Amino acid sequence: MNYGFIGFGNLATAIYQGFKNEENLCFAYFDQIQKNVELPFLQLEELTDFADVIFLTVKPQDVVGVLEQLRPLRREGKIIVSPVAGKSIAFIENYLGKDQPIVRIMPNLAIAYKKSVTAFATHHPNNEKVNEIYRVLTKLGKVVKIDENDFDLFTSVFGSGPAFILAFFNVFRNKIREFNLPESEIDELLLQLTERTLSYFSENCSRCSIEELIRNVTSKGGTTEAGLNYFYEHQMDRLIEGMLEAAKNRSIEMSKMS
């Protein structure tokens with residue numbers, strides 16, 4: 006099967022990195038500027054002829070222009086895959102028609118390492134090529150079929166989530182720097198902290214809630230309790246919820262833009 010990318014930025018690169026070692030897949034891309042990458046560069050019409058699956062890996066503000074260019078081109082038998090935040094299947098159908106099979110996905114950059122959590126929705130669930138795309142995506146992490154109405158929430162948690170978690174990690178990293186250790190050792194210590202915490206969670210989450218796991222490492226009157234008291238007294242949990250809500254609301258706003 007031939008996969009074509011319209012736009013080849015960070016997300017397209019990550020998707021390609023995840024896919025590239027799969028058997029029987031060929032790739033090409035189109036972008037406004039030809040890039041120094043290993044994929045063949047094709048003009049848009051050539052790419053549309055080449056690809057069985059066309060990925061709309063452009064920024065939300067650029068998608069209308071791309072759809073207007075795609076509209077007159079021959080697309081019979083082809084699948085459109087869109088990871089464009091805030092743009093619904095119905096939005097794309099307004100340009101390409103309801104007969105055009107469209108898959109809406111929301112991966113994150115961990116797809117490059119086959120570790121993504123990817124949302125998946127389509128109006129053509131019985132299309133063989135659509136089901137093949139789903140099957141291939143399952144090799145690149147966890148794929149979740151969700152109602153398209155939930156994409157804004159999914160985007161805020163799983164699409165934007167890695168950046169939010171890294172921002173939280175960076176607070177810890179800056180604190181560790183007070184030890185005046187080499188930068189490489191600081192990163193190693195941060196990795197040890199996060200990996201051990203994730204291992205503690207993964208090994209116990211089937212029988213303990215997160216609240217119980219927190220209690221297990223919190224001694225009455227101790228340092229952890231003091232820090233957690235500050236966390237809750239300053240309603241930091243609500244601030245984090247607000248961050249997720251802001252991302253969700255932005256996704257909703259983007260869906261209303263023409």
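Residues in the sequence shown are numbered from 6 upward in steps of one, following the working numbering.
Heads up, the beta-carbon is just placed ideally off N, CA and C, and yes, glycines get one too.
A quick note: this is a predicted structure, and the numbers were derived from the prediction, not measured.
Buried versus exposed call for residue i [16 or more other C-beta atoms within 10 Å across all chains shown]
| i | result |
| --- | --- |
| Leu72 | buried |
| Phe32 | buried |
| Phe236 | exposed |
| Ser165 | buried |
| Ala252 | buried |
| Ala231 | exposed |
| Met111 | buried |
| Gln240 | exposed |
| Ala124 | buried |
| Pro106 | buried |
| Tyr118 | exposed |
C-beta atoms of residue i and residue j nearer than 8 angstroms
| i | j | result |
| --- | --- | --- |
| Ile94 | Ala126 | yes |
| Ser161 | Leu16 | no |
| Ile20 | Ile116 | yes |
| Phe46 | Gln37 | no |
| Leu195 | Ile181 | yes |
| Gly9 | Leu75 | no |
| Gly91 | Ser121 | no |
| Pro65 | Asn113 | no |
| Thr202 | Phe174 | no |
| Asp157 | Ile245 | no |
| Arg178 | Ile191 | yes |
Proximity test, Cβ basis, 8 angstroms: residue i and chain D
| i | result |
| --- | --- |
| Phe55 | Annotation note: the requested chain D is absent from the structure, which comprises a single protein chain. |
Anticipated Cβ contact below 8 angstroms, residue i with residue j, distance rounded
| i | j | result |
| --- | --- | --- |
| Gly12 | Val63 | 4 angstroms |
| Leu61 | Val89 | 6 angstroms |
| Glu27 | Lys134 | Not really, about 15 angstroms apart at Cβ, beyond 8 angstroms. |
Can you find at least 3 beta carbon pairs, one from the stretch 67-85 and one from the stretch 39-59, that sit closer than 8 angstroms? yes
Using 8 angstroms as the cut-off, can you tell me whether the stretch 99-106 makes contact with the stretch 146-164, which would need three or more C-beta pairs spanning the two stretches below that distance? Between the stretch 99-106 and the stretch 146-164 there are fewer than three inter-stretch CB-CB distances shorter than 8 angstroms, so the stretches are not counted as touching.
Is there contact between the stretch 128-144 and the stretch 160-177, where contact requires at least three CB pairs shorter than 8 angstroms? By the Cβ rule, the stretch 128-144 does not count as touching the stretch 160-177, because fewer than three pairs are nearer than 8 angstroms.
Where in the stretch 12-55 do unbroken runs of the beta strand (DSSP E), each at least 3 residues long, occur, reported from the N-terminal end onward? DSSP runs (the beta strand (DSSP E)) wholly in the stretch 12-55: 31-35.
Sequence ranges, alpha helix (DSSP H) only - wholly within the stretch 155-206, length at least 4: 156-159, 166-181
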